[in-house]
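Peer 1: Numbering (the numbering used here), first residue to last: 6 to 183. Handing you this structure, nothing more for now.
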Amino acid sequence: MPLREEETTVRTARLLLRRFTPGDLEDFLDYQGDPVVRRHLPGEPMTPAQAADYLTAQSTLDDGKLDAWHALAVHHVADDRVIGDVGVWLPADPAATPDAGFQFHPAYHGRGYAREAVHALLRHVFATLAPPRVTATCSPANTASQALMRRLGMRLVSATADDVRYELTRDDWTSTGC
Numbered sequence: 006m007p008l009r010e011e012e013t014t015v016r017t018a019r020l021l022l023r024r025f026t027p028g029d030l031e032d033f034l035d036y037q038g039d040p041v042v043r044r045h046l047p048g049e050p051m052t053p054a055q056a057a058d059y060l061t062a063q064s065t066l067d068d069g070k071l072d073a074w075h076a077l078a079v080h081h082v083a084d085d086r087v088i089g090d091v092g093v094w095l096p097a098d099p100a101a102t103p104d105a106g107f108q109f110h111p112a113y114h115g116r117g118y119a120r121e122a123v124h125a126l127l128r129h130v131f132a133t134l135a136p137p138r139v140t141a142t143c144s145p146a147n148t149a150s151q152a153l154m155r156r157l158g159m160r161l162v163s164a165t166a167d168d169v170r171y172e173l174t175r176d177d178w179t180s181t182g183c
């Protein structure tokens with residue numbers, strides 16, 4: 006079952022997870038190219054033109070599109086700015102697993118925003134898609150992301166020199182009362 010447009014806005018105590026808009030470009034560029042954010046990500050930061058195209062594509066992406074990355078801007082309500090993003094890859098293969106990801110502006114690290122946003126994303130994905138599991142993958146050197154995944158109840162399922170993969174089953178999610 007695809008994500009439905011009316012369900013792609015998620016509120017938490019301090020954050021609003023919503024579709025990106027082209028107006029988010031400055032905030033997006035501010036964190037996605039930051040060396041602290043990039044140190045565990047492959048490739049180069051997006052250029053302003055690439056980022057503008059990406060935000061436009063995300064703002065109009067069909068919620069039911071499979072084999073696509075569905076990103077949500079993490080809007081900090083009190084500061085009235087986008088401080089990061091969370092998202093999920095929706096595979097076309099029904100046997101494949103949705104894969105979640107996240108990145109945040111370094112000025113907002115260590116204050117619980119990533120946990121709050123990723124928790125809300127997982128709640129949203131399990132409620133709207135009802136997959137049997139969700140995974141998340143990161144670099145082995147990204148110990149902060151691994152710690153976050155463990156705090157969210159995810160379990161390590163594989164580790165290579167290139168990446169570590171964590172998994173959270175719907176049953177485990179439900180049993181925690183989330």
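Where a beta carbon is used, it is the ideal one built from N, C-alpha and C, also for glycine. As the structure is a computational prediction, the values presented were derived from the model and not from experiment.
Note down the Cα distance separating F33 from P50, rounded to an integer number of angstroms.
Peer 2: Indexing the sequence shown from 1 puts residue 33 at position 28. Indexing the sequence shown from 1 puts residue 50 at position 45. Computed Cα separation, rounded: 11 Å.
Peer 1: If we ignore side chains and look at the alpha-carbon of each, how far apart do T26 and L60 end up?
Peer 2: To locate residue 26, count along the sequence shown from 1; it is residue 21. To locate residue 60, count along the sequence shown from 1; it is residue 55. Distance between the alpha carbons of T26 and L60 is about 6 Å.
Peer 1: Among all the DSSP beta bridges, which residues are the ones paired with D104?
Peer 2: For this step, residue 104 is matched to residue 99 along the sequence shown. In DSSP, D104 forms a bridge with W94 and T140.
Peer 1: For R16, which of helix, strand or coil comes out of DSSP?
Peer 2: Translated into the one-based positions of the sequence shown, residue 16 becomes position 11. Here R16 sits in strand by DSSP.
Peer 1: In three-state DSSP terms, what is E191?
Peer 2: Absent from the model: residue 191. The displayed extent of the chain is 6 to 183, so no value can be given.
Peer 1: For W74, which option in V41, D58 and V93 has the closest C-alpha, if you only look at C-alpha atoms?
Peer 2: Position 69 of the sequence shown, counting from 1, holds the residue named residue 74. The shortest C-alpha separation from W74 is found at V93.
Peer 1: From A135 to T181, what does the alpha carbon distance come to, in whole angstroms?
Peer 2: Indexing the sequence shown from 1 puts residue 135 at position 130. Indexing the sequence shown from 1 puts residue 181 at position 176. Each residue's alpha carbon lies about 16 Å from the other.
Peer 1: Kindly identify the DSSP beta-bridge partner or partners of G89.
Peer 2: Here residue 89 refers to the residue found at position 84 of the sequence shown. The partner list for G89 (beta bridge, DSSP) reads V79 and F109.
Peer 1: What first and last residue would you give for the beta strand (DSSP E) that runs through A164?
Peer 2: By one-based count along the sequence shown, residue 164 stands at place 159. Note, A164: beta strand (DSSP E), R160 to A164.
Peer 1: From which residue to which residue does the alpha helix (DSSP H) around R44 run?
Peer 2: Reading the sequence shown from its first residue, position 39 is the one you call residue 44. No alpha helix (DSSP H) contains R44, which DSSP labels as neither H nor E.
Peer 1: Assign T165 to one of two classes, buried (16 or more other C-beta atoms within 10 Å of its C-beta) or exposed (fewer than that).
Peer 2: Residue numbering aside, residue 165 sits at position 160 when the sequence shown is read from its first letter. It is exposed - the Cβ of T165 has fewer than 16 other Cβ atoms within 10 Å.
Peer 1: Tell me whether the stretch 106-125 and the stretch 74-93 touch, counting them as touching only if at least three CB pairs, one residue from each stretch, are closer than 8 Å.
Peer 2: Yes, since at least three Cβ pairs between the stretch 106-125 and the stretch 74-93 fall closer than 8 Å, the two stretches touch.
Peer 1: Between H45 and C143, which are expected to be in contact by the criterion C-beta below 8 Å, what is the C-beta distance as a whole number of angstroms?
Peer 2: Taking the first residue of the sequence shown as position 1, residue 45 is located at position 40. Taking the first residue of the sequence shown as position 1, residue 143 is located at position 138. Their Cβ separation, rounded to whole angstroms, is 6 Å, which keeps H45 and C143 in contact under 8 Å.
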